[in-house]
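Q: Provided herewith is a single structure, encoded as structure tokens, for subsequent inquiry.
Residue numbers (mature numbering (1 follows the signal peptide of the UniProt record, and there is no 0)): -23 to -1, 1 to 71.
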């Protein structure tokens, strides 16, 4: 019974958070469209176009941006070449 209550609570929280995200987005879109009224006539339509993206498209683009990127491997420079002395024959006559 306790597991069922926990599951129901989790589902409820997820549903509420999804609804509130959409409501927040819709509210922000509406406020943005209202702000477009202040734009000069030539800019009004361009301003409205910025706020005509659906919540579903917004979510899809957001997920793409937030997708974990593979860590960039640091490119190490190759080790420096150590100059070598030419080998000379050893003279043992001294």
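Note that the Cβ used here is the ideal one computed from N, Cα and C, for glycine as well.
Is it a yes or a no for the region 21 to 31 touching the region 4 to 13, going by three-plus beta-carbon pairs under 8 Å?
A: Cβ pair count under 8 Å is three or more, so yes.
Q: Would you give the residue range spanned by the alpha helix (DSSP H) that residue 22 belongs to?
A: Taking the first residue of the chain shown as position 1, residue 22 is located at position 45. Looking at the DSSP string, the run of the alpha helix (DSSP H) that includes residue 22 is 18 to 27.
Q: Is DSSP giving residue 10 helix, strand or coil here?
A: Residue numbering aside, residue 10 sits at position 33 when the chain shown is read from its first letter. Helix.
Q: What's the C-alpha gap between residue 46 and residue 64?
A: By one-based count along the chain shown, residue 46 stands at place 69. By one-based count along the chain shown, residue 64 stands at place 87. Roughly 51 Å between the two C-alpha positions.
Q: Output the distance between the C-alpha atoms of residue 23 and residue 17, rounded to the nearest integer angstrom.
A: If you number the chain shown from 1, residue 23 lands on position 46. If you number the chain shown from 1, residue 17 lands on position 40. The alpha-carbon atoms of residue 23 and residue 17 are separated by roughly 10 Å.
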